[in-house]
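If you're matching positions, the sequence shown starts at 4 in the numbering used here and goes up one per residue. For every residue, glycine included, the Cβ atom is placed at its ideal position computed from N, Cα and C. Bear in mind that the values here come from a model prediction, so they are computed numbers and not experimental data. Notes to accompany the following structure.
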Amino acid sequence: MPTVMITGSNRGIGLQLARQYAHYGWTVIATCRNTISPGPIATIEGDVRVYGLDVADFHAVERLAEDLADTKIDLLINNAGVYGDRNTGHRNIDIADWEKSFRVNTMAPLMVASAFLGHVSRDGGGMIATVSSVLASIAESSPNSASYAYRTSKAAVNMAMHVFAEEVRPENVAVILLHPGWVQTDMGGPSAAIDAQTSAEGIRKVLDGAGMAESGRLFAYDGREIPW
Ligand SMILES: NC(=O)c1ccc[n+]([C@@H]2O[C@H](COP(=O)([O-])OP(=O)(O)OC[C@H]3O[C@@H](n4cnc5c(N)ncnc54)[C@H](OP(=O)(O)O)[C@@H]3O)[C@@H](O)[C@H]2O)c1
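What follows is the structure, given as structure tokens:
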């Protein structure tokens with residue numbers, strides 16, 4: 004069976020993705036920051052291997068890639084993310100928070116993708132998916148929430164992965180960007196439109212149907228392509 008690696012898999016959408024891939028027989032490399040008390044990820048049935056990884060620690064990313072050097076990864080999902088500033092507006096920007104958002108939401112997905120490219124590309128290629136957001140789309144998203152750190156860091160990861168997709172195309176690695184929907188998680192809040200199970204089911208379906216033709220593009224969990 005194939006192997007999927009998921010960052011930020013201890014709660015929210017990442018946990019649901021881990022649960023579902025494990026249920027369908029995949030080997031799941033589930034990474035999370037806190038391996039001392041990882042929570043429900045440790046009790047999922049199936050072949051789930053939990054590893055500690057703070058994606059903002061790029062040395063730790065490299066170390067994990069070395070530790071897993073012999074592992075073929077069919078699908079890597081950059082899921083970990085932070086939503087620091089909620090509608091704070093330009094007068095209240097917290098620079099440290101903005102920098103952290105860029106480190107976690109923009110730089111880390113590319114650093115993880117780069118470190119694990121060899122694991123994904125071996126044996127004929129594979130896929131790297133990154134969970135972004137419709138809030139990054141200038142064409143589609145209403146500018147009515149002034150969440151500068153979140154929206155700019157997700158817009159930037161879209162561009163990073165759009166460029167990365169072309170760079171790694173010769174290695175037969177498809178690079179997909181995802182909007183998971185507005186999801187009932189700690190980040191999305193209880194009033195969100197869909198639950199994490201529905202989001203993860205949609206994401207799996209989108210990724211299952213995606214290939215090199217979809218590489219470098221942004222899709223919602225329901226399969227709709229989102230313009231930049
Ligand atoms: N929920 C929504 O409506 C929504 C909408 C659009 C996009 N998204 C995106 O979907 C993804 C998952 O979000 P979610 O709703 O599941 O959020 P969540 O419930 O807040 O979970 C976020 C996950 O990211 C992890 N994380 C944060 N910083 C990390 C770091 N430095 N290293 C490793 N893991 C880190 C968290 O780990 P800890 O427990 O250690 O903090 C947690 O596992 C994010 O990229 C988010 O931006 C969500």
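Can you list the beta strand (DSSP E) stretches of 3 or more residues lying completely in the region 174-199, in chain order? 176-182
Taking only three categories from DSSP, how would you classify residue 16? helix
Within the present structure, is the beta-carbon of residue 145 separated from the nearest heavy atom of ligand 1 by less than 6 Å? no
Own chain, CB closer than 7 Å to residue 22, minus 5 neighbours either side, in chain order: 47
With C-beta atoms as the reference, is residue 58 less than 7 Å away from residue 31? no
Which residues does DSSP pair with residue 168 in a beta bridge? DSSP lists no partner for residue 168.
Of all the beta strand (DSSP E) runs that stay within the bounds of the region 68-142, which reach a length of 3 or more residues? 78-81, 129-134
List the residues that DSSP assigns as beta-bridge partners of residue 204. Looking at the DSSP assignment, residue 204 forms no beta bridge with any residue, so it has no partner.
How is residue 149 classed by DSSP in three states: helix, strand or coil? coil
Distance, Cα to Cα, residue 183 vs residue 73? 31 Å
Enclosing beta strand (DSSP E) for residue 227 [first to last residue]: Premise fails: residue 227 is in no beta strand (DSSP E) and is neither H nor E.
On the three-state DSSP scale, how would you describe residue 52? strand
With a threshold of 6 Å (Cβ to nearest heavy atom), would residue 74 be considered close to ligand 1? no
Output needed for residue 193: all residues of its chain with C-beta closer than 8 Å, excluding positions within five of it in sequence on either side, in chain order. 187
Leaving aside the five residues before and after residue 56 along the sequence, list all residues of the same chain whose C-beta is less than 8 Å from its C-beta, in chain order. 10, 34, 35, 36, 63, 64, 67
Measuring only from the beta carbon, is residue 90 closer than 6 Å to any heavy atom that is part of ligand 1? no
What do you get for residue 171, buried or exposed, if any count of 16 or more other CB atoms within 10 angstroms of its CB means buried? buried
Identify the residues that DSSP records as bridge partners of residue 220: which are they? 179
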